[in-house]
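Residue numbers (the working numbering): 126 to 288.
Ideal Cβ placement from N, Cα and C applies to all residues, glycine included.
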């Protein structure tokens with residue numbers, strides 16, 4: 126089984142190795158789908174807060190194996206959620222990835238999700254990597270009401286009252 130993990134985070138490395146379900150087809154191909162949750166921090170640009178939007182990239186790859194040892198690919202082309210939240214690969218009839226379990230958040234709106242496959246080249250080896258780009262936008266309602274409205278209204282109270 127490969128040691129698929131976030132390139133920048135090894136904290137969840139051992140948690141998914143125990144409960145992976147593997148499917149072996151009659152041609153000998155083994156497909157393991159470990160249930161796991163990846164956590165990563167994204168760099169935030171808060172200059173437009175509370176009307177900010179962010180791009181978070183999760184780079185998944187093998188921690189200890191090179192492209193010569195594992196083949197990390199999609200079942201098809203890169204995908205996006207612009208049209209629907211669930212995608213199928215017509216040639217395989219399987220999900221490339223799905224956001225059907227996605228629950229809308231009161232603080233963030235998921236604008237888009239792209240998945241791409243790339244090969245990072247080292248001196249003597251290649252490193253296949255799957256990159257998920259999440260595009261998020263903050264729901265500005267509550268922060269605007271709590272912070273901006275009082276900030277605008279406060280200077281009005283400082284105006285001298287004239288009869």
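Excluding its 5 nearest sequence neighbours in each direction, residue 233 has C-beta neighbours in its own chain below 8 Å: 261, 262, 263, 264, listed in chain order. Per the coordinates, the alpha-carbon of residue 252 lies some 11 Å from the alpha-carbon of residue 242.
Residue 274 has its alpha-carbon roughly 30 Å from the corresponding atom of residue 237. For a cut-off of 8 Å, the C-beta gap from residue 239 to residue 258 is around 5 Å, short enough to register as a contact.
Contact annotation, residue 165 with residue 183: C-beta distance approximately 6 Å; criterion of less than 8 Å satisfied. The distance from the Cβ of residue 189 to that of residue 254 is about 14 Å, inconsistent with a contact at the 8 Å cut-off. Counting along the chain, no beta strand (DSSP E) covers residue 177, and no H or E run does either. Sorting 177, 157, 148 by C-alpha distance to the C-alpha of residue 269 places 177 at the top. For residue 272, no beta strand (DSSP E) run applies, since DSSP gives it neither H nor E. For residue 147, the enclosing beta strand (DSSP E) starts and ends at 146-149.
In the structure shown, residue 152 adopts coil according to DSSP, grouped into three states. Residue 147 and residue 156 do touch by the CB rule: their CB atoms are close to 7 Å apart, below 8 Å. In terms of Cβ geometry, residue 247 and residue 191 form a close pair [threshold 9 Å]. Secondary structure of residue 253 (DSSP, three-state): strand. Residue state for residue 186 is assigned as strand, using DSSP reduced to three classes. Scanning its chain for C-beta atoms nearer than 8 Å, with the 5 sequence neighbours on each side dropped, one finds around residue 174 the residues 263, 268, in chain order.
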